[in-house]
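Just so you know, the sequences run in chain order G and B.
Counting along the first sequence from 1, when you hit position 18 you're at 18 in my numbering, and nothing is skipped either side.
Counting along the second sequence from 1, when you hit position 5 you're at 1005 in my numbering, and nothing is skipped either side.
2 protein chains.
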Amino acid sequence: MTRTSITPSGITPSGITPSDDAAPAAEGRPFSQILDRLRGAGLRPTRQRMALAKLLFDGGDRHLTAEMLHADAQSANVRVSLATVYNTLHQFHRAGLLREIVVDSQRTYFDTNMSDHHHFYFDETGELSDIPGDQVEVAALPPVPDGMAVSRVDVVVRVRPADA
Amino acid sequence: MTRTSITPSGITPSGITPSDDAAPAAEGRPFSQILDRLRGAGLRPTRQRMALAKLLFDGGDRHLTAEMLHADAQSANVRVSLATVYNTLHQFHRAGLLREIVVDSQRTYFDTNMSDHHHFYFDETGELSDIPGDQVEVAALPPVPDGMAVSRVDVVVRVRPADA
DNA sequence: CATCAGATTAAAATAATTCTAAACTTGACA
DNA sequence: TGTCAAGTTTAGAATTATTTTAATCTGATG
């Protein structure tokens, strides 16, 4: 239970409606948390960033692509262009709010789980699931080339239906 | 020294010329090795597959993209279309002659080193280098989801200039 | 050496992502 | 509160890596 996600109880799924947007936010919790998060990251809390942040961080750990988040936004009646979704994902990533996962050399996934962990990748379906950091041990890393520093170690366990 | 690559001594860089192609191949070594390799994989030894195989396997361990191999072919005066390079790389991969590496979600790399090993990835330059399998230890893999089998475990150590 | 499945190719098509330039918003300040 | 610069959003065009298409070749076999 070390996650930092925000999971309020009785708030409209996507909160922000086209008409009313400086919504009062009941006791002022979920909105201001996201707001602080954006401010803290030096990102102006715009309507679309707020909405995307809510979609991203309100639902537990998620692995998604730009297209997925865009679709999510559509279903939640949040109007954002795909370009903005791409921009926002990258900004959030640079700001340390999201992690980029490379498992498929054709699409880019982002992970809302920023803790130290690795991934299962289901080749068939293209789905991802987390492996807690403490369940994989990468021992004995070789000496890093001169003048270089490790920026990250990624472990991807590729799985497929046991069978053939 | 457990590699299986073929490194002949005094043969013209790419061997195959547009005009003469059923070349005698001196004592019949490098050609027939590649030939056997293709035949063994159930791939018809065509002019372009032979040439690409030579480029791929004659030069030690290599990490390359389709575009790179295509460029290689051009400089070696081997005429192959880019589409054929793509096809060939995938066929070789399916045939177990090449390994696909996912480190960059924008291009696909292939590795001629089929032994068990992992990679350093230089974020800045997009270059790759091998880490011998025995220099990384992935211990304590978590239980694989039901009905699934591990098809591969990839470890990528991302590095960048030590500094700022 | 005729045949044909399999291979190659140029060119068009696709998919994911980025860029562009114009049209907004936002926050700051007078 | 009105104004404005700087930062954002957006539709659509552009780019990049890769795949598909359809036509044309080529290697293996009889």
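Note that beta-carbon positions come from the ideal geometry of N, C-alpha and C, so glycine has one too.
Keep in mind the model is a prediction, meaning the values are calculated, not measured.
In terms of residues, what are the limits of the alpha helix (DSSP H) holding residue i?
i: residue 67 (chain G); result: 66-75
i: residue 79 (chain G); result: Unbroken run through residue 79 (chain G): none, as it is neither H nor E.
i: residue 1047 (chain B); result: 1047-1057
Quick one: does residue i have its CB under 7 Å from some CB of chain B?
i: residue 156 (chain G); result: yes
i: residue 68 (chain G); result: no
i: residue 4 (chain G); result: The predicted position of residue 4 (chain G) is uncertain, since its pLDDT is 29 and thus under 50; a value taken from the coordinates is nonetheless stated next. Chain B contact via Cβ: absent.
What are the residues that DSSP puts in a beta bridge with residue i?
i: residue 104 (chain G); result: G:107
i: residue 1063 (chain B); result: B:1111
i: residue 154 (chain G); result: B:1156
i: residue 1130 (chain B); result: B:1119
i: residue 1037 (chain B); result: Per DSSP, none; premise fails for residue 1037 (chain B).
Can you find a C-beta in chain G that's less than 7 Å from the C-beta of residue i?
i: residue 1084 (chain B); result: no
i: residue 1160 (chain B); result: yes
In the DSSP assignment, find the beta strand (DSSP E) that holds residue i and state where it starts and stops.
i: residue 1139 (chain B); result: 1137-1139
Below 8 Å on the Cβ atoms is my contact criterion, and I expect residue i with residue j to pass it. Report the Cβ-Cβ distance as a whole number of Å.
i: residue 1076 (chain B); j: residue 139 (chain G); result: So it is not a contact: roughly 42 Å between Cβ atoms.
i: residue 89 (chain G); j: residue 57 (chain G); result: About 13 Å; that fails the 8 Å criterion.
i: residue 1038 (chain B); j: residue 1047 (chain B); result: Not a contact, Cβ separation roughly 12 Å.
i: residue 1118 (chain B); j: residue 1133 (chain B); result: 7 Å
i: residue 167 (chain G); j: residue 103 (chain G); result: With chain G covering only 1 through 164, there is no way to say anything about residue 167 (chain G).
Could you tell me if the beta carbon of residue i falls within a distance shorter than 6 Å of some heavy atom in the ligand COA?
i: residue 1108 (chain B); result: With respect to the ligand COA, the structure shown offers nothing to examine, as it has no ligands at all.
What are the residues of the segment 110-122 of chain G that lie near chain B, defined by any Cβ-Cβ distance shorter than 8 Å?
Under the 8 Å Cβ criterion, the segment 110-122 of chain G contributes 120, 122.
So if I threshold CB-CB distances at 9 Å, which residues from the segment 1087-1109 of chain B count as touching chain G?
Hits within the stretch, in order: 1100, 1101, 1102, 1103, 1104, 1105, 1106, 1107, 1108, 1109.
Chain G contacts made by the segment 1132-1156 of chain B, where a contact means CB separation under 8 Å:
Of all residues in the segment 1132-1156 of chain B, 1132, 1135, 1136, 1137, 1138, 1139, 1140, 1141, 1142, 1144, 1145, 1147, 1148, 1149, 1150, 1151, 1152, 1153, 1154, 1155, 1156 have a Cβ within less than 8 Å of some Cβ in chain G.
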